[in-house]
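Which chain is which? The protein sequence lines are U and Z, in order. Under the numbering used here, the final residue of the first sequence carries the number 124; numbering is consecutive throughout. Under the numbering used here, the final residue of the second sequence carries the number 124; numbering is consecutive throughout.
There are 2 protein chains.
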Amino acid sequence: MEYHPGLHLLTTLYSQRKDLLHVSGQWKTFIQSQIAIHGLTEVGNCVHDFPDGGYTAVHCLTESHISIHTWPEYGLCTCDVYLSNFRKNNDVITTAIMEQIKLFFEITHEEMHSLRR
Amino acid sequence: MEYHPGLHLLTTLYSQRKDLLHVSGQWKTFIQSQIAIHGLTEVGNCVHDFPDGGYTAVHCLTESHISIHTWPEYGLCTCDVYLSNFRKNNDVITTAIMEQIKLFFEITHEEMHSLRR
């Protein structure tokens, strides 16, 4: 069998939408909608809201995972979208979801890393 | 407040221990022991075993996350250890846990990426 590395995008996103960084409710609705739109399969998730604000959420997919960690006190989050290419090439979807995440947070600037793995 | 980027290690690990790549049981025991030993706090996890073998597991931590996706048919897994440094510097722990993961799988070779974020 041949090995087809996937695409892993890792960003730090800066946003003034403190409401979206503070609690996970809108994120969860948004990202699960993205997962459905792109025909991905969520096999589980863990979402944890911290008592003083900020949240950690990871969505496990048959294709790998999407994760976010927010720090509203710094006005930023770190976000990963990683889709493997074993069953089919998901590169276009990986990029599309990260673009939608940036729009969701109405980001002011970003740092992006892109890895093949 | 000052921003202290964390360390995110991303590996592809090759192993002949098909048993460890096939089902998640031993991984879960191992990694939760590592989380406890290093004083990290798991706030949730999702672990999914695929019907034909292989698993996806993500452990959400107050410090960020640890993830693994295994493909026993290729004899490999992709693994992330990402600990933020907001509360304290966790770089030593990040590196130590990745080393323990390599020992756990008795890896034959690896590809490693290291990111500050």
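Virtual Cβ for every residue (Gly too), placed ideally from N, Cα, C.
Q: Quick one: which unbroken alpha helix (DSSP H) runs of 4-plus residues sit fully inside the segment 27-91 of chain Z? Chain order, please.
A: 32-44
Q) If you compare alpha carbons, which of Z:L47, Z:E80, Z:Q107, Z:T102 is closest to W34 of chain Z? A) Within the second sequence, residue 34 of chain Z is the residue found at index 27, counting from 1. The option with the nearest alpha carbon to W34 of chain Z is Z:Q107.
Q: Give the interface partners of N97 of chain U over in chain Z, defined as CB-CB distance under 8 Å, in chain order.
A: The count along the first sequence starts at 1 and reaches residue 97 of chain U at position 90. Those within 8 Å of N97 of chain U in chain Z number zero; the least Cβ separation is about 13 Å.
Q.
Quick check on DSSP: helix, strand or coil for E113 of chain U?
A. Position 106 of the first sequence, counted from the first residue, corresponds to residue 113 of chain U. Note: E113 of chain U maps to coil in three-state DSSP.
Q: Could you tell me if Q23 of chain Z is buried or exposed, where buried requires 16 or more neighbouring beta carbons within 10 angstroms of its beta carbon?
A: Stepping through the second sequence from its first residue, residue 23 of chain Z is reached at position 16. Answer is exposed; the Cβ neighbour count stays below 16.
(Q) For the pair the segment 71-90 of chain U and the segment 17-32 of chain U, tell me if three or more CB-CB distances fall below 8 Å. (A) yes
Q | Strand pairing of M119 of chain Z, partner residues [DSSP] | A | On the second sequence, position 112 is the one that residue 119 of chain Z refers to. Z:T18, per the DSSP bridge assignment.
Q: Could you name the residues of chain Z that L17 of chain U contacts, counting a contact when the two beta carbons are closer than 8 Å?
A: Translated into the one-based positions of the first sequence, residue 17 of chain U becomes position 10. Here the neighbours are H15, L122, R124.
Q: Please list the partners that V50 of chain U has in chain Z, where partner means a Cβ-to-Cβ separation under 8 Å.
A: Position 43 of the first sequence, counted from the first residue, corresponds to residue 50 of chain U. In chain order: C53, H55, T63.
**Q.** Whole-Å CB distance - D98 of chain U paired with L28 of chain U, under 8 Å assumed
**A.** Start at 1 with the first residue of the first sequence, and residue 98 of chain U comes out as number 91. Start at 1 with the first residue of the first sequence, and residue 28 of chain U comes out as number 21. Their Cβ separation, rounded to whole angstroms, is 28 Å, which puts D98 of chain U and L28 of chain U out of contact at 8 Å.
Q.
Check whether the segment 58-71 of chain U and the segment 53-62 of chain Z touch, using three or more Cβ-Cβ pairs below 8 Å as the test.
A. yes
Q: Grab me the residues of H116 of chain Z's own chain with a C-beta within less than 7 Å of its C-beta, minus the 5 sequence neighbours each way, in chain order.
A: For the purposes of this step, residue 116 of chain Z is taken as the residue at position 109 of the second sequence. For H116 of chain Z, where only same-chain residues beyond five positions count, the Cβ hits under 7 Å are Y21.
(Q) Using a Cβ-Cβ cutoff of 7 Å, what residues of the segment 69-94 of chain Z are near chain U? List them in chain order. (A) S71, H72, S74, H76, W78, E80, Y81, T85, S91, F93
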